Amino acid sequence: DGAAGGREPTAEDATVGEVVAARRAGRRAGRPVGPHLFRIERRTFELTEMCGVFLSLPVEPSSFLHRFSDAQGRLPLARVGMEVLLCCNIMISCWLYVSIFGSSLSIIVPQPFVQDPPDISKCLAVCSALEQAPCLASDCQWVNGTCAKGAPLEAYCDSSYSFFSWTFGIVMMAVACLDLSGLSAIQGCLSLFAFCSLLVMVATTAIAALTDTGDDTGWDRVPVTNWGGLGQLITCAVTSQMSHQGVPTLVTTMRKKHRAKKVFCYALAYSLSMYYLLCISTSVFFGPSITPIVTLNWERYSGGAAAGQAVPWWASALSFMVLLFPVVSVSAAFPLQLVVISEILQKAFGGSEAGAPRGALSSAPLRIMCCFVSVCLAQALNNVSQIIAANAAVAIVVAFALPCLLHIAARRASVERWGPEAAVTPYHTPIVSSTPFVCLILAASCAIEGFALY
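With the working numbering, letter number 311 in the sequence shown gets 1700, and the count goes up by one each step, no holes.
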């Protein structure tokens, strides 16, 4: 009909054609023709696109808002809001990755082109956890009643952080110009290294906590429970497991797309269980001396060797492996985030059709720009806890609130159009897809957002 009317057929026309064909086949077979019968295989529907379909508002043709509406006269506020939130979430994630990379590598590698650099492990000092005598005897000093790093050490640590942050940014700008599908083997190796590192961290801390008989001075200052830290715990959990916004884009690079659901489920289940065990074991063993970036606690890992004894070679190898974990993990995740945000920006500014394939060169300028902005933000603020809190405040809405609203709106619209049988789709799960359960998740997400912002 579109071609006969004088315009070129679009991807939406193809989608409608698939739906009509599926319904026609259902009629011939004597089956109901609701949406529970068909799947659209050739079209990728992203979350933002579905928000524009089900959560848009009708506006009058004579109103001021009509100039911002789509061809059907509807204002896609939820879609625009989702795109803005996704861009903010991904940019803050990239900011976090740059900060983690710079902080971690500055502890592992001395800064080049610096004469007589100090012991790089001293950048790891947690001065605020020290008492009066240890503060005066270390590279820390009392500043306005607070134990903080001395000026020379602080200057070197900041300089080293900036150097490695910009190095990471320059390398990622070069990677941004490459085709992501050609890096699948490298991405697989980096992900395997990250999974193994998590296992090493959990195993070493669990063994150390069970066998350690050292001094527990300072543990009495750690409360048994601290409800004020619940918000930070939630923000870290959401940030570490937030990944579904990039699934439609990343699936296009998979060779065996029918295994995508299992791959993502297994990966999230493994990482969630490992992070949970790591949280418990590190809290028990390191206590008040734990660093904001937990992997940095392995800088002095000795494999159980007593003071004055030689550290086994395998202990040094495991220490180096764990210290490299954040460097490797952010190096694997950063290019994926650049791909997702470049796709969002391209569609937001009309740079490409929703169903058309895009190569790396067409989005390279956007990826380079996002990478540059991330490094600049990391130079302005490198406090990992604050960055995670800002990221989670956005991620909770994207991961929980809007998908729940979208599910409720889409379910209601389908039932109104096709009848009660349309409430069950090929993707339906008896308990998880029920309206009461979705409303419960929506209410819980609002409470979690309150904790995160508190």
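All C-beta atoms in this analysis are idealised placements derived from N, C-alpha and C, irrespective of residue type, glycine included. All values derive from a computational prediction rather than experimental measurement.
In the DSSP assignment, Cys-1566 falls outside any alpha helix (DSSP H) and carries neither an H nor an E.
Bridge partners of Pro-1447 according to DSSP: Arg-1463. Residue environment analysis places Ala-1832 among the exposed positions, since fewer than 16 neighbouring C-beta atoms fall within 10 angstroms of its C-beta. Inter-residue distance for Ala-1598 and Ala-1592 is about 10 Å (C-alpha atoms, whole angstroms). In this structure, Ala-1841 sits near Ile-1785, with a CB-CB distance shorter than 8 Å.
Taking C-beta separations shorter than 8 Å and ignoring five residues to either side along the sequence, the partners of Leu-1466 in its chain run Leu-1444, Ser-1445 and Leu-1446, following chain order.
Counting only residues of its own chain and dropping the five nearest sequence neighbours on each side, Met-1590 has a CB closer than 6 Å to the CB of Leu-1667 and Val-1711. By the neighbour-count criterion, in which a residue is buried when 16 or more other Cβ atoms sit within 10 angstroms of its Cβ, Phe-1557 is buried. Assignment of Ile-1679 by DSSP, reduced to helix, strand and coil, places it in the coil class. Between the C-alpha atoms of Ile-1733 and Tyr-1690 there is a straight-line separation of about 43 Å. The Cβ atoms of Ser-1495 and Cys-1546 lie closer than 8 Å to each other. Exclusion of the five residues before and after Ser-1488 leaves Ala-1767, Asn-1771, Val-1773 and Ile-1776 as the residues of its chain whose Cβ lies within less than 7 Å of its Cβ. The alpha carbon of Glu-1438 has as its nearest neighbour, out of Ser-1452, His-1455, Asp-1459 and Phe-1453, the alpha carbon of Asp-1459. Residue ranges of uninterrupted alpha helix (DSSP H) with 4 or more members, entirely inside the segment 1689-1777 and ordered along the chain, are 1702-1737 and 1749-1769.
Nearest neighbour of Met-1631 by Cα position, chosen from Phe-1457, Phe-1453 and Ile-1479, turns out to be Ile-1479. Where Ser-1803 is concerned, the enclosing alpha helix (DSSP H) starts and stops at 1791-1807. Taking 8 Å as the upper bound for CB-CB distance, Gly-1491 and Arg-1468 are not in contact here, some 35 Å apart. Excluding the 5 residues flanking it on each side, Trp-1555 has same chain C-beta neighbours closer than 7 Å at Val-1764, in chain order. Straight-line spacing of the CA atoms in Met-1643 and Pro-1450 works out to 44 Å. The DSSP-derived three-state label of Arg-1648 is helix. Across the set Ala-1694, Glu-1543 and Ala-1721, the C-alpha of Ala-1721 shows the shortest separation from the C-alpha of Gln-1576. Judged by DSSP secondary structure, Ile-1830 falls within the alpha helix (DSSP H) whose first and last residues are 1824-1842. Cβ contact annotation for Ser-1549 (same chain, cutoff 6 Å, sequence separation greater than five): Ser-1495 and Gln-1500, in chain order. In this structure, the straight-line span from the alpha carbon of Val-1498 to that of Phe-1553 is close to 9 Å. Residue burial annotation: Ser-1708 is buried, with at least 16 other C-beta atoms found within 10 angstroms of its C-beta. Sequence-distant Cβ neighbours of Leu-1795 in its own chain, meaning closer than 8 Å and more than five residues away, are Leu-1436, Met-1439, Cys-1440, Phe-1443, Leu-1444 and Ala-1467. Shown here for Val-1627: same chain residues with a beta carbon closer than 6 Å to its own, the five before and five after excluded, namely Ala-1781, Ala-1784 and Ile-1785 in chain order. About 5 Å separates the beta carbons of Met-1561 and Phe-1723, which is inside the 8 Å limit, making them a contact pair. In this structure, the CA atom of Cys-1759 is about 32 Å from the CA atom of Glu-1688. Separation of Ala-1802 and Thr-1818 (C-alpha to C-alpha, rounded to the nearest whole angstrom) is 19 Å. By alpha-carbon distance to Leu-1755, the top candidate from Ser-1670, Ala-1565 and Asn-1615 is Ala-1565.
Here Met-1643 carries a coil assignment [DSSP, helix/strand/coil].
By the 16-neighbour rule on beta-carbons within 10 angstroms, Val-1613 is exposed.
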